[in-house]
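Enquirer: In my numbering, the protein residues as written are -2 to 413.
C-beta atoms are modelled at their ideal positions from N, C-alpha and C, and glycine is treated no differently.
Owing to the predicted nature of the structure, the values given are computational and were not obtained by experimental measurement.
1. From what residue to what residue does the beta strand (DSSP E) around residue 49 run?
2. Mind reading off the beta-carbon distance from residue 301 to residue 282? Whole number of angstroms is fine, and I expect it under 8 Å.
3. Have a look at residue 324 and residue 398 and give me their C-alpha separation to the nearest angstrom.
4. Quick one: grab the DSSP three-state call for residue 263.
5. Which partner residues of residue 412 appear in the DSSP bridge assignment?
6. From 197, 335 and 221, pick the residue whose C-alpha is nearest to that of residue 208; which is it?
7. In this structure, how does DSSP classify residue 311 when only helix, strand and coil are distinguished?
8. Do the CB positions of residue 142 and residue 128 come within less than 9 Å of each other?
9. Check for me: the beta strand (DSSP E) holding residue 425 runs from which residue to which?
10. What whole-angstrom Cβ distance do residue 145 and residue 166 have, given they're in contact under 8 Å?
11. Keeping to the same chain, check which residues put their C-beta closer than 6 Å to that of residue 376; ignore five residues upstream and five downstream.
12. Apply the 10 Å Cβ neighbour rule to residue 295 and answer buried if 16 or more other Cβ atoms are within range, or exposed otherwise.
13. Can you confirm whether the region 341 to 353 touches the region 97 to 107 when touching is taken to mean that 3 or more C-beta pairs between the two stretches lie within less than 8 Å?
14. Quick check: residue 154 and residue 392, are their CB atoms within less than 9 Å of each other?
15. Which whole-angstrom value is the C-beta distance of residue 100 and residue 140, which I expect to be below 8 Å?
16. Secondary structure at residue 155, three-state DSSP: helix, strand or coil?
17. To the nearest whole angstrom, what separates the beta carbons of residue 148 and residue 164, a pair I think is in contact under 8 Å?
18. Do the region 254 to 269 and the region 225 to 245 meet, that is, are 3 or more Cβ pairs less than 8 Å apart?
19. From residue 90 to residue 81, what distance separates their C-alpha atoms?
20. Within 8 Å, do at least three Cβ pairs link the region 172 to 184 to the region 199 to 217?
21. Do residue 142 and the ligand ZN come close, with the Cβ less than 8 Å from some heavy atom?
22. If we ignore side chains and look at the alpha-carbon of each, how far apart do residue 307 and residue 137 end up?
23. Using DSSP bridges, identify the partner residues of residue 100.
24. Identify whether residue 139 lies in helix, strand or coil by the three-state DSSP scheme.
25. Let's see if you can read the secondary structure: which residues bound the beta strand (DSSP E) around residue 222?
26. Can the beta-carbon of residue 273 be found closer than 9 Å to that of residue 237?
27. Put residue 127 into one of helix, strand or coil per three-state DSSP.
28. Tell me where the beta strand (DSSP E) around residue 248 begins and ends.
29. Return the CA-CA distance between residue 196 and residue 39, expressed in angstroms with no decimal places.
30. Specify the secondary structure class of residue 332 as computed by DSSP and reduced to three states.
31. From 64, 216 and 93, pick the residue whose C-alpha is nearest to that of residue 46; which is it?
32. For residue 376, report the span of its beta strand (DSSP E) as first-last.
33. Between residue 51 and residue 243, what straight-line distance do the alpha-carbon atoms span, to the nearest angstrom?
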């Protein structure tokens, strides 16, 4: 099957000590603030109460799984270990946090949420339904709620107390298209998907919209599209026909992201593509699944020059990462998983933000862009519509930072 061509006519994503302010390596954007936020009472305190709703699910889990990093309990144990490392770091900086840890997935959740009434900030839970309840609880009680694991535009509305640390799906698509178009021409870029899957068609339509907006012209479908026949990935001699562009780099965008729904399709697509491309130059843009799937090995990363859009990346060669790794080993006699880095970064970020800006810290998160061990936090306000930035129209706050990981010298490197 040939790719559809661009439509030329335009027809049819506890801790002691006190100092005034702590400074880290950050990008100051304070001049962007309006007078409403500048006039807020910071409500600073000597110490802050933190409710941490961890999805341990201990009541229904074999406790021996705590040492297995591949299990849910093992991942959450590592995350919590990272949080504890962060609390130690914050204590050294004179930041006082009183943390109450609750297992959000054991016992009655409505009882757990009522225990958060005296919190200055609530972190978690992971369950989307529980998160909706918690976000609403935070809005009613004027308590910021931090979502470190889930993101979505429908979780909570009209809620300036809700902060999502995970970057949204559409933001990933937008970043990929922006990066691809910055390095390649539109006629080199091909969107991949299955015309039998409604989600794939939705992804394509959104990315075409991003590309069209960047071009600022009347062509609403500027990129090529190619629909992959799943049977041909397993049985057919060729799945991609003569789609590869001779004497140029062919750029494929593979937007599928779900392990449950897409892992086999993603793996079979890149495996088949690698075998068919021959000596042609190929670049594949895609989602974190390209890095996180155990099925996709370095030979495919290298052979297809993969560029992966991801909100986090641990640079094992970083001095800060090496120091954390050693400190973690000294504390727990083991090596930190990605979840440990993630838990550390989240808690350091929230602790420092509360210290600097008080109980209403969420309004000031877009003052700085903080670089930590495995991510950067670039928190922006999301408004009811794109045309209004009125203070009262804040829907929630969203982390917008994303890396493009490129495979260079047999390892991934984070690019902006």
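Expert: Quick look at the numbers:
1. 45 to 51
2. That belief does not hold up - the Cβ atoms of residue 301 and residue 282 are roughly 10 Å apart, past 8 Å.
3. 27 Å
4. helix
5. 401
6. 221
7. coil
8. yes
9. What is shown of the chain runs -2 to 413, which leaves residue 425 out entirely.
10. Between residue 166 and residue 145 the Cβ distance is about 17 Å, and since that is not below 8 Å, they are no contact.
11. 362, 363, 394 and 396
12. exposed
13. no
14. yes
15. Not quite, the Cβ-Cβ distance comes to about 20 Å (not below 8 Å), so this is no contact.
16. coil
17. 7 Å
18. yes
19. 14 Å
20. yes
21. With respect to the ligand ZN, the structure shown offers nothing to examine, as it has no ligands at all.
22. 33 Å
23. 51
24. coil
25. 221 to 224
26. yes
27. helix
28. 247 to 251
29. 43 Å
30. coil
31. 93
32. 376 to 380
33. 52 Å
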